[in-house]
Amino acid sequence: MSEKSLISIVDDHDASREAVAGLVRSLGLVTAVFENAFDFLKSEEFSRTACLIADIRMPRMTGPELYNHLIATGTPIPTIFITAYVDERDRELALKAGVHCYLSKPLSPDDLLACIRSVISNGSEGPE
Amino acid sequence: MHSTSKSREDHLFLLTTSLSGRDQWQFAIGVLVVLVAALLVTVPFASIALEHTEALLPAYATAVFIVDLVTATLLLALFSVQRSSAVLALSLGYLFSGAMILPWALTFPGVSASLGLPDAGLQTTAMIATVRRLSFPLFVLAYALMKDSDTFLRTPQGTERNIIVMSVTGVIVIALALTWLVVANDDALPTFMRDEMHVSDLWHYVPATAVGLSLAGLLSLWRGRCSVLDLWLMVVLCSSLIEIILLSYVSSGLRLSVGWWAGRLYGLISASIVLLVLLSETMTLYARLARSVLAERRTRDARITAMEALSASIAHEVNQPLASMVTNADAGMRWLGRSPPDLPEAKAALERIVNDGHRTAKVIDGIRTMFKKGTQERVPADVNQLIVETLKRSRSETHLARISVQTELYETLPLVTGCPVQLEQVISNLVANSIDAMTAVSSRERVLRIQTAPQGSDRILVSVEDSGSGMTPDCKERIFEPFFTTKPDGMGMGLIFCRWIIEAHGGRLWMMDNEPHGTIFQFTLPRADAPIFLTGERT
Numbered sequence: 001m002s003e004k005s006l007i008s009i010v011d012d013h014d015a016s017r018e019a020v021a022g023l024v025r026s027l028g029l030v031t032a033v034f035e036n037a038f039d040f041l042k043s044e045e046f047s048r049t050a051c052l053i054a055d056i057r058m059p060r061m062t063g064p065e066l067y068n069h070l071i072a073t074g075t076p077i078p079t080i081f082i083t084a085y086v087d088e089r090d091r092e093l094a095l096k097a098g099v100h101c102y103l104s105k106p107l108s109p110d111d112l113l114a115c116i117r118s119v120i121s122n123g124s125e126g127p128e
Numbered sequence: 129m130h131s132t133s134k135s136r137e138d139h140l141f142l143l144t145t146s147l148s149g150r151d152q153w154q155f156a157i158g159v160l161v162v163l164v165a166a167l168l169v170t171v172p173f174a175s176i177a178l179e180h181t182e183a184l185l186p187a188y189a190t191a192v193f194i195v196d197l198v199t200a201t202l203l204l205a206l207f208s209v210q211r212s213s214a215v216l217a218l219s220l221g222y223l224f225s226g227a228m229i230l231p232w233a234l235t236f237p238g239v240s241a242s243l244g245l246p247d248a249g250l251q252t253t254a255m256i257a258t259v260r261r262l263s264f265p266l267f268v269l270a271y272a273l274m275k276d277s278d279t280f281l282r283t284p285q286g287t288e289r290n291i292i293v294m295s296v297t298g299v300i301v302i303a304l305a306l307t308w309l310v311v312a313n314d315d316a317l318p319t320f321m322r323d324e325m326h327v328s329d330l331w332h333y334v335p336a337t338a339v340g341l342s343l344a345g346l347l348s349l350w351r352g353r354c355s356v357l358d359l360w361l362m363v364v365l366c367s368s369l370i371e372i373i374l375l376s377y378v379s380s381g382l383r384l385s386v387g388w389w390a391g392r393l394y395g396l397i398s399a400s401i402v403l404l405v406l407l408s409e410t411m412t413l414y415a416r417l418a419r420s421v422l423a424e425r426r427t428r429d430a431r432i433t434a435m436e437a438l439s440a441s442i443a444h445e446v447n448q449p450l451a452s453m454v455t456n457a458d459a460g461m462r463w464l465g466r467s468p469p470d471l472p473e474a475k476a477a478l479e480r481i482v483n484d485g486h487r488t489a490k491v492i493d494g495i496r497t498m499f500k501k502g503t504q505e506r507v508p509a510d511v512n513q514l515i516v517e518t519l520k521r522s523r524s525e526t527h528l529a530r531i532s533v534q535t536e537l538y539e540t541l542p543l544v545t546g547c548p549v550q551l552e553q554v555i556s557n558l559v560a561n562s563i564d565a566m567t568a569v570s571s572r573e574r575v576l577r578i579q580t581a582p583q584g585s586d587r588i589l590v591s592v593e594d595s596g597s598g599m600t601p602d603c604k605e606r607i608f609e610p611f612f613t614t615k616p617d618g619m620g621m622g623l624i625f626c627r628w629i630i631e632a633h634g635g636r637l638w639m640m641d642n643e644p645h646g647t648i649f650q651f652t653l654p655r656a657d658a659p660i661f662l663t664g665e666r667t
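Those protein sequences? They're chains R and V, same order as listed. If you count the first sequence from 1, position 95 lands on 95 in the numbering used here, and the numbers rise without skipping. Numbering-wise, the numbering used here comes out as the position in the second sequence, counting from 1, plus 128.
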């Protein structure tokens, strides 16, 4: 884990992606943004990502598909789902599958910060 | 234009205007064959006298009276909808015929006595029969002569009731007056009867005239468009011809004989035919109407579902930029709360909020245009004309972009029913998209081609093609999503509005690749004259 943790954000909506990235940066973290999951998987930031924030509804590859892909390929990354379409069943399933947080848009900065903190502190303790 | 399509719709509903189909002709001919066969069976026994059967006459007269009265009422109801003077004449014919059967039966020798009425003169019954026998074919003739010239009432709507009241009163007054004249002046009447049972030579002119009038009625019904009612009126006239033949020729005018009673039976049948047809056709049409109402309700439900989906999608998607604004504002506050405050980052966050705000405003504007007052109004619209007008307006843009505009507009394209403003919005949206798609193309000719053509028997197809760079698979998948846009200043609502408008008009909108380059957007719209009963036989 590098001293400054990298947070990758995958969201197809430009405005939403920029807003989330702006908020994460204002929390003092470094971000990388991606329009879709494929760009993220191909990027050099992929391997350095300490925490992934992914939108759920995206064309071609959705947030959950990306998460499953990461598990399946043996490169799990602590993940936070964000969505404007909150669904309690989805939330339950996601959390059961090991997703760290399921947050609704608009994001509450405190929740987001708490979530990212828990991810990174877990990561730095290195349980894996 | 609108009124023609409306009257065309009416044709589907009314007995007098829906044309008789082949199976109806077969059925009518079948009925006639049975009637003629029954006539032939009766002939050998025709002259057998059935004495004292006059007691049955009041019952017979009552049956005919009620049947005539109900038929007249139903025809009057038809008249009040259709306002055709021909139908009015026919219903008055039935009313008059019904009104005259009562005095006929009451004055019949033997009947009046049994009912305790003063005995009418010898000629009274025969005179009333004559009036009845000659008037009905005259009314049918009047109907037949008026029906094709379509002499619809010119009086304002709502006067039907007065017309009905006046003409019904008139007919009843005339029937009463005639009865009184005949009963009171028996001595002055022509000698139709030799005695109570036997007709005189003079009587023979009456059935001969009735046959002539009936034949004239048959001929005038035969020519021109033959509606369901016309067809069955022909059967009525045929069966009343048989009645006359039985009454006057086969039974040699002998009252209360087998032939005479058989003739009476034919009279009753002939009186009931139009009633039965009216009832059965009414039930059939009613069932068909119920089915179309159901279909309409399903369409409306589908539209409501589409509407709910749209409003849900609008709500969510308006929520999206709002969520971004909140998030950006949170970020901005955190940048400002740092020591020292990070002003460039705070400024960037505020700029994003401004952009989000503009986006939301644009969306709301779009929705407002979409549901503007009057956009739910439906009028006949000429899509070709809308295309020409749209292209005229975007001429400077296409000219600037050096786009060659080609149109292949089907010359006699059927009209559609819709909101011209919205349809024009769709066309101009698609044209604008095509122009935008081609501005980046420099290696080949920029062509915008618009085609229109009828498709199937119930809709038209419009294609808008460009020779632009086409779309990536990702774009294709998302092109109809709200807020998806490939344009830097687009709001991404154009195509979803287009699709919504087309679907609200009962059409479909889709896209496909153009060969070798570019994209084609196509949409269908139902024709204004598309059959409303897909199952109905409109020949």
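Just so you know, even glycine gets a beta-carbon here, dropped at the ideal spot from N, CA and C.
Taking each of F173/V, L359/V, A632/V in turn and checking the Cα distance to Y271/V, the smallest one comes out for L359/V. Listed along the chain, the chain V residues whose CB falls inside 8 angstroms of the CB of K96/R amount to none; the nearest CB is some 25 angstroms away. By the neighbour-count criterion, in which 16 or more other beta carbons inside 10 Å mark a residue as buried, F173/V falls on the exposed side. Assignment of D87/R by DSSP, reduced to helix, strand and coil, places it in the coil class.
Here DSSP, grouped into helix, strand and coil, assigns Q251/V to coil. Pairwise C-beta distances place the segment 172-187 of chain V in contact with the segment 371-386 of chain V, as three or more of them are shorter than 8 angstroms. For E552/V, the enclosing alpha helix (DSSP H) begins and ends at 548-566.
For V20/R, the chain V residues whose C-beta falls within less than 7 angstroms of its own C-beta are T455, listed in chain order.
Within the same chain, V446, P449, L450 come within 7 angstroms of T488/V by CB-CB distance, once the 5 residues on both sides are set aside. Burial of S348/V is indicated by the presence of at least 16 other C-beta atoms within 10 angstroms of its C-beta.
At the C-beta level, S43/R and A32/R come within 9 angstroms of one another.
If you check each beta-carbon in the segment 41-55 of chain R against every beta-carbon of chain V, none falls closer than 8 angstroms. In summary, L220/V is buried, with 16 or more beta-carbon neighbours lying within 10 Å of its beta-carbon over all protein chains present. In terms of beta-carbon proximity, A489/V stays away from the interface with chain R, with every pair separated by 9 angstroms or more. Rounded to the nearest angstrom, the Cβ distance from M58/R to A84/R is 12 angstroms, too far for a contact under 8 angstroms. The beta carbon of Y222/V is closer than 6 angstroms to those of D196, T199, A200 in its chain, skipping five residues each way along the sequence. Among the bridge pairs identified by DSSP, S532/V is matched with V575/V. Q448/V belongs to the set of residues whose beta carbon lies under 9 angstroms from a beta carbon in chain R.
DSSP, reduced to helix, strand and coil, places C366/V within a helical segment of the structure shown. Not a single CB atom of chain V sits nearer than 9 angstroms to the CB of R117/R. The beta carbon of G391/V lies closer than 6 angstroms to those of E371, L374, L375 in the same chain, with the five residues before and after it left out. Around the C-beta of H633/V, 16 or more other C-beta atoms lie within 10 Å, and the residue is accordingly described as buried. Interface flag for W628/V against chain R is unset, since no Cβ pair is found closer than 9 angstroms.
Linking A459/V to I82/R through their CA atoms gives a straight-line distance of about 17 angstroms. With a cut-off of 8 angstroms on Cβ pairs, the segment 146-166 of chain V is in contact with the segment 353-368 of chain V, counting three or more such pairs.
The way I'd put it, the segment 410-424 of chain V doesn't touch the segment 58-76 of chain R; fewer than three beta-carbon pairs between them come closer than 8 angstroms.
Within chain R, no C-beta atom comes nearer than 8 angstroms to that of S439/V; the closest sits roughly 15 angstroms away.
When secondary structure is reduced to three states using DSSP, D586/V falls in the coil class, being assigned neither helix nor strand. Here DSSP, grouped into helix, strand and coil, assigns Y102/R to strand. Apart from the 5 residues on each side of it in sequence, I481/V sits with its Cβ closer than 7 angstroms to the Cβ of M453, N456, A457 in its chain, given in chain order.
Rounded to the nearest angstrom, the gap between the Cα atoms of P601/V and E409/V is 56 angstroms. Residue burial annotation: T79/R is buried, with at least 16 other C-beta atoms found within 10 angstroms of its C-beta.
Looking at the backbone, the Cα of F40/R and that of F34/R are separated by about 6 angstroms. Counting C-beta pairs closer than 8 angstroms gives three or more between the segment 647-654 of chain V and the segment 531-548 of chain V, which meets the contact rule. In the structure shown, S148/V falls within a coil segment according to DSSP collapsed to helix, strand and coil.
Spatial neighbours of T647/V in its own chain (CB-CB distance under 7 angstroms, excluding positions within 5 residues in sequence) are listed in chain order as A565, D594, G596, G598, M599, M639, D641.
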